[in-house]
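All residue numbers for the sequence shown refer to this note's numbering, where the first residue is 28 and numbers rise by one. Where a beta carbon is used, it is the ideal one built from N, C-alpha and C, also for glycine. These numbers were taken from a predicted model, which means no experiment stands behind them. Working notes, beginning with the structure itself.
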Amino acid sequence: MLRIVNGRVYDPANGVDGAVRDICVQDGKIVADPPPGARTIDARGMVVMPGGVDIHCHIAGPKVNLARKVQPEDHRHDVHPRTRFTRSGTGGTVPSTFATGYRYAAMGYTAAMEAAVTPLGARHTLEELHDTPVIDKGFFVLMGNNVLLFRLLQEGRREEFRQALAWWLAATKGYAPKLVNPGGDEMWKGERNANITDLDQKIGPFDLTPRKVIAEFIEAGNELGLPHPVHIHCNNLGHSGNYQTTLETMRMAEGRRAHITHIQFHSYGSVAGKSTDNPTSKAREIAEYVNTHPNISADVGAVMFGRSTSMTGDAPLAYMLRRFGGGKWVNADTEHESGCGIVPFTYQDRVYTNALQWAIGLELFLLSEDPWRMVFSTDHPNGGSFMSYPRLIRLLMDAEFRKEQMAKVNQQALEHSGLRDCQSREYTLSEIAIITRAAPARLLGLASKGHLGVGADADITIYEEDADKEKMFSTPRYVIKDGEPIIEDHEFRTDHEGRLLHVAPDYDQGIEQVIQPFFEDYYSIQFGNYPVADRYLHHHQTVPTAPQAAGSAASAV
Ligand SMILES: [Zn+2]
């Protein structure tokens, strides 16, 4: 039981913008009145916000583990020491499970979504998420290159497609369907170097196009009433001129909800219109589209200079990037479900392309007119580690600091971006609270997160006010999870187990009669061993779905 007094509260979901007011906590939830005998925390001179919510990161599962394995040098350079209350781990751009949970918590984050898991990797992912302390977490299930789903779509079996989508989410204990370069794997495997995808091109042997796949997923995800309908990594990530693909993908939603992830990597023009040219910024065109289409949301996927690890279900992309990494790379294929690739990578401020990517990320934030629909991410660890979030917050809040950093980067790249034109904007604390917690929670459909209203989860972060926003957001004074002070005076005071967040949509049991024969014919494991058993759930929360009648799914955020 807690009563937090004298702090300036930023709770944008409830219209609270820096007012001094009490926050009361009982049984892990926010309550209206101070419970009798509650401990008081004096937050004078401090800022009180809901815990941070990361809508898109890569923190658990087979590909994350592969990335840890290929970078053993990180393990000794950045050790996360054992303390009286916390377990030890290794850091670097891909921290071990324990270090991931503690480092998120130490930054004031209390929930995070692992963004790309193959169904076959679900069990491994759940084991690692179970080992990721403090934060609540869930994962998105890779479905955009799934051979059986392609077959159902090709044969026009829409209802079975929808049932199969629901079955796969339920069977994996996942949170939302994820598309990564939909159709791109088959095209790439079928033709050498076919790593540019035309939305209207045939997908390998299927009588199907990426356009059809994307449209059907958007429609089905909305009809199933999933809390987060579909999370889309568009085709042609990283290629010059790809902004056209991104615009076209957003248009396909036709008013239905869709989330475009790490949109920075999909906002590139080209000097002469060729995919082999140096990229230019099309942030203005992309931001304009998102600004004027309330059914679309996006996270930025900002690039931060320094070490990163490119880690993606987009195997063709990883194959392309291998030439730009430090010499190590891995590509892998997961049966009939997805590909994956890992490339350790360093973003350098003097390199044209890297500086342009950095500038485009900032531009997208600064051109966004609705912080509820253009939210915070670095696609950790792809654009940069989650440990760089405080610096990114400073870049958004402090125009003078941003100007200093702009002077250090490749100037030709800056000229090919529009960053100078939007340089004067500074994010407010309220806007930061929106893009880092309130909006991601709302976009994920997590009604009890991202705000401090009565009934919300008592996940609370208290920062000491500081002119240096990087310092302020790096080390909160208090972090409270489920009503329990985990961090006090910047130090861990206890350990905590977060919850797995997952959906369990209803589906017609008959769909297993469609999936099982395919499985027995083509997969390497028995169908009976495929769905993840309930005993993997441990501490969990089933987030409800709200199915809609077919064809009536057009609704704004
Ligand atoms: Zn990602």
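Exercise for the section: Starting from residue 214, trace the alpha helix (DSSP H) both ways and give me its first and last residue. Expected result: 211-217
Practice task
Select from 561, 430 and 129 the residue whose C-alpha is nearest the C-alpha of residue 137.
Solution key: 129
Exercise for the section: Flag residue 409 as yes when its Cβ comes closer than 7 Å to any non-hydrogen atom of ligand 1, and as no otherwise. Expected result: yes
Exercise for the section: Could you spell out the range, first to last residue, of the alpha helix (DSSP H) harbouring residue 489? Expected result: Note, residue 489: premise wrong, no alpha helix (DSSP H); beta strand (DSSP E) at 487-491.
Exercise for the section: Please determine if the stretch 93-107 and the stretch 56-67 are in contact, where contact requires at least 3 C-beta pairs separated by less than 8 Å. Expected result: no
Exercise for the section: Look at residue 288 and residue 142 and say whether their C-beta atoms are less than 8 Å apart. Expected result: yes
Exercise for the section: Output yes or no for whether 8 Å exceeds the beta carbon distance between residue 328 and residue 211. Expected result: no
Handout entry: Helix, strand or coil at residue 170 according to DSSP, with G and I counted as helix
Key = coil
Practice task
Return the first residue and the last residue of the beta strand (DSSP E) that residue 35 is part of.
Solution key: 35-38
Handout entry: Residue from 223, 230 and 284 whose Cα sits closest to the Cα of residue 244
Key = 284
Practice task
Please indicate yes or no: does the CB of residue 406 lie closer than 7 Å to some heavy atom of ligand 1?
Solution key: yes
Exercise for the section: Have a look at residue 383 and residue 29 and give me their C-alpha separation to the nearest angstrom. Expected result: 46 Å
Handout entry: residue 101, enclosing beta strand (DSSP E) - first and last residue
Key = No beta strand (DSSP E) holds residue 101; the alpha helix (DSSP H) holding it covers 100-104.
Problem - Whole-angstrom distance between residue 79 and residue 70, CA atom to CA atom - result: 18 Å
Exercise for the section: Identify the continuous alpha helix (DSSP H) that holds residue 470 and give its terminal residues. Expected result: 466-470
Exercise for the section: Enumerate in chain order the residues of its own chain whose CB-to-CB distance from residue 86 is below 7 Å, with the five nearest sequence positions on each side excluded. Expected result: 127, 139, 141 and 159
Practice task
Let me know if residue 468 comes out buried or exposed under the rule of 16 or more other beta-carbons within 10 Å of its beta-carbon.
Solution key: buried
Exercise for the section: Kindly list the residues whose CB is nearer than 6 Å to the CB of residue 563, restricted to its own chain and excluding five residues on each side of it in sequence; keep chain order. Expected result: 153
Handout entry: DSSP state of residue 261 mapped onto helix, strand, coil
Key = coil
Exercise for the section: With DSSP as the reference, label residue 358 as helix, strand or coil. Expected result: strand
Practice task
Enumerate in chain order the residues of its own chain whose CB-to-CB distance from residue 225 is below 7 Å, with the five nearest sequence positions on each side excluded.
Solution key: none
Practice task
Answer yes if the stretch 348-360 comes into contact with the stretch 252-261, meaning at least three C-beta pairs across the two stretches below 8 Å, and no otherwise.
Solution key: no
Exercise for the section: With 8 Å as the threshold, decide whether the Cβ of residue 347 is near any Cβ in chain D. Expected result: The structure shown contains no chain D, having only a single protein chain.
Handout entry: Extent of the continuous alpha helix (DSSP H) to which residue 369 belongs
Key = That residue, residue 369, is in no alpha helix (DSSP H); its beta strand (DSSP E) goes 365-374.
Practice task
Would you check if the distance between the CB atom of residue 436 and the CB atom of residue 360 is smaller than 8 Å?
Solution key: no
Exercise for the section: State the DSSP-derived secondary structure class of residue 108, mapped to helix, strand or coil. Expected result: coil
Practice task
Would you please state the rounded distance, in angstroms, between the beta carbons of residue 405 and residue 347? I believe it to be under 8 Å.
Solution key: Contact flag wrong, Cβ pair sits at about 20 Å.
Exercise for the section: State the DSSP-derived secondary structure class of residue 557, mapped to helix, strand or coil. Expected result: coil
Exercise for the section: Name the residue from 367, 108, 196 and 236 whose alpha carbon lies nearest to the alpha carbon of residue 528. Expected result: 196
Practice task
Return yes when the C-beta of residue 289 is under 7 Å from any heavy atom of ligand 2, and no when it is not.
Solution key: Of the ligands one can find in the structure shown, namely ligand 1, none is ligand 2.
Practice task
Taking residue 335 as part of the beta strand (DSSP E), name the residues at either end of that continuous run.
Solution key: 333-339
Practice task
Below 7 Å CB to CB, which residues in the same chain sit around residue 545 once its five sequence neighbours on both sides are set aside?
Solution key: 175
Practice task
Flag this pair as yes or no: are the beta carbons of residue 344 and residue 264 separated by less than 8 Å?
Solution key: yes
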